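Residue numbers (the working numbering): 2 to 509.
Below is the structure:
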């Protein structure tokens with residue numbers, strides 16, 4: 002385990018050479034959020050950097066400490082985007098050649114920004130770890146200096162200037178600072194400075210539920226490499242923390258919490274309403290963590306600060322973020338209901354909803370007796386959701402709340418009513434695969450035409466992971482063969498045949 006002298010690291014932060022490229026970004030009071038949460042929340046606006054991310058700080062400091070001989074060799078790095086932009090800008094400033102290795106799922110806005118700064122990009126691998134292997138190999142073969150995105154002390158020190166600025170800018174001492182966390186460079190740097198100056202301030206690391214590498218490692222007492230990570234918040238989608246960052250986090254992080262993708266999207270919306278800025282999912286992580294603790298009643302009652310770490314998001318992802326934001330904030334309820342198949346039934350149903358704002362209403366005839374409908378309704382609180390359920394039950398309407406059902410949110414809301422007229426045995430699976438050019442074709446090719454497909458739904462959200470819902474016509478004795486065949490494809494899959502939403506709308 003790495004032995005880090007935090008006193009020496011604090012000195013590195015104090016002397017960090019970042020302001021030739023980085024800005025002193027403001028801490029901004031989020032008035033509306035503070036009023037709604039009952040706690041004063043400030044936003045540290047790292048999205049206002051010229052590269053729209055805090056990563057310029059670590060890159061600038063590390064580059065400033067290279068010798069002239071090292072600069073002549075050039076530099077290389079691996080990054081899902083923001084470190085790449087920071088490195089490209091710093092290399093341009095110091096007139097050094099830079100080659101950046103990026104996953105093939107990297108948003109185009111980040112790739113284009115690296116090109117604009119004059120660096121060379123190489124798209125290799127489906128995640129950061131695979132790109133990193135390629136970058137290290139390039140470094141060994143060419144002598145280029147590899148600069149790690151989060152585990153080098155000079156990089157950590159550069160990021161630590163964020164914490165230094167927070168304490169200088171806040172006229173009253175915060176009770177807690179929430180920090181977005183992937184590899185751990187930012188939270189290590191902020192935590193080191195803050196704990197050395199005001200040790201009573203809580204440092205709360207926030208990760209996505211599908212990429213909780215720090216939380217898993219802290220619980221295990223050692224760095225743990227995850228088998229897979231959810232790439233939704235691509236800026237923090239790493240499989241393992243660094244050895245240095247882990248050792249530091251063990252000493253400076255008071256709490257590590259996780260948030261769902263829907264909660265992240267809800268925080269993106271809150272930041273937009275507070276600042277009129279659209280941040281990337283990773284950029285909203287810290288605020289999502291604060292808001293989650295507010296909802297659980299565990300947030301500090303005093304002043305809190307949340308780091309807004311970046312704003313590099315592809316435009317074509319906005320629709321998916323907006324869609325999830327409503328559900329993540331509890332401002333949309335999805336549910337299935339059964340009503341009599343008769344004239345006037347829809348009108349009676351709408352009267353029960355009592356002029357609520359309906360966001361979705363899907364139906365298809367399936368029997369002479371019962372009509373099954375898929376409904377979306379805007380809501381303000383969880384109590385309102387309970388009120389809707391009570392109103393339906395009082396009117397003898399069967400209802401199933403689907404607001405937290407992944408199959409409903411991703412697929413069924415777009416394809417309700419597909420009951421086949423002919424009866425047959427059907428198995429339904431949900432697949433996840435890396436989203437890249439030709440990914441859907443590759444997925445279909447991997448099925449090898451061995452199975453009769455009875456249902457297929459796919460929608461490209463502009464994210465790094467593609468999602469497919471697929472049905473197969475099978476005989477009863479083929480279940481094991483089908484399961485084995487699909488497992489050999491190699492994509493993560495989930496059997497959804499017993500899913501209640503599928504049972505309501507699609508089962509024949």
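Think of the CB as a built atom: it goes at the ideal place given N, C-alpha and C, for glycine as much as any other residue.
As the structure is a computational prediction, the values presented were derived from the model and not from experiment.
- Taking C-beta atoms as the reference points, residue 128 and residue 111 fail to come closer than 8 Å.
- Look at residue 305 here: in three-state DSSP terms it is strand.
- Looking at the DSSP output, residue 124 shares a beta bridge with 103.
- Taking the Cα positions, residue 474 is about 14 Å away from residue 487.
- 52 is the residue among 228, 500, 52 whose C-alpha sits nearest the C-alpha of residue 114.
- Around the beta carbon of residue 412, 16 or more other beta carbons sit within 10 angstroms, so the residue counts as buried.
- For the pair residue 290 and residue 205, the CB atoms are nearer than the 8 Å cut-off.
- In chain order, 77 place their CB closer than 6 Å to the CB of residue 139, counting only its own chain and leaving out the 5 sequence neighbours on each side.
- Between the alpha carbons of residue 381 and residue 335 lies a distance of about 13 Å.
- Contact check between the segment 196–216 and the segment 284–304: three or more CB pairs, one atom from each, fall below 8 Å, which counts as touching.
- For residue 194, the enclosing alpha helix (DSSP H) has its first and last residue at 186–198.
- Restricting attention to alpha helix (DSSP H) runs no shorter than 4 residues, the segment 35–109 encloses them at 56–65, 69–74, 83–94, ordered along the chain.
- For residue 490, the CB contacts under 6 Å within the same chain, skipping 5 residues up- and downstream, are 447 in chain order.
- Rounded to the nearest angstrom, the Cβ distance from residue 22 to residue 61 is 4 Å, consistent with a contact under 8 Å.
- In this structure, residue 85 lies near residue 103, with their beta-carbon atoms less than 8 Å apart.
- In the three-state scheme derived from DSSP, where H, G and I count as helix and E and B as strand, residue 155 is classed as helix.
- Inclusion of residue 406 and residue 502 in the CB contact set at 8 Å is warranted, their separation being smaller than that value.
- Under DSSP, residue 386 shares a beta bridge with no residue.
- The continuous alpha helix (DSSP H) containing residue 247 extends over residues 244–253.
- Judged by beta-carbon spacing, residue 89 lies beyond the 8 Å limit of residue 126, meaning their Cβ atoms are not closer than that value.
- Straight-line spacing of the CA atoms in residue 153 and residue 159 works out to 10 Å.
- In the structure shown, residue 169 falls within a helical segment according to DSSP collapsed to helix, strand and coil.
- For the 8 Å CB-CB criterion, residue 229 and residue 493 form a contact.
- The segment 379–394 and the segment 236–249 do not touch, with fewer than three beta-carbon pairs separated by less than 8 Å.
- Check the Cα spacing between residue 414 and each of 176, 363, 80: the tightest is with 363.
- By the neighbour-count criterion, in which a residue is buried when 16 or more other Cβ atoms sit within 10 angstroms of its Cβ, residue 294 is buried.
- From the listed residues 7, 66, 6, the smallest Cα separation to residue 19 is found for 66.
- Under a 10 Å Cβ-count criterion, residue 478 is classified as exposed, with fewer than 16 other Cβ atoms of the shown protein chains found around its own Cβ.
- Separation of residue 282 and residue 181 (C-alpha to C-alpha, rounded to the nearest whole angstrom) is 10 Å.
- Per DSSP, reduced to three states, the secondary structure at residue 298 is coil, with no helix or strand assignment.
- In the three-state reduction of the DSSP assignment, residue 499 falls in the coil class.
- In the three-state reduction of the DSSP assignment, residue 374 falls in the strand class.
- In the three-state DSSP reduction, residue 315 falls in the coil class, being neither helix nor strand.
- A distance below 8 Å separates the beta carbons of residue 63 and residue 148.
- About 31 Å separates the beta carbons of residue 253 and residue 322, which is beyond the 8 Å limit, so they are not a contact pair.
- Taking each of 186, 408, 98 in turn and checking the Cα distance to residue 70, the smallest one comes out for 98.
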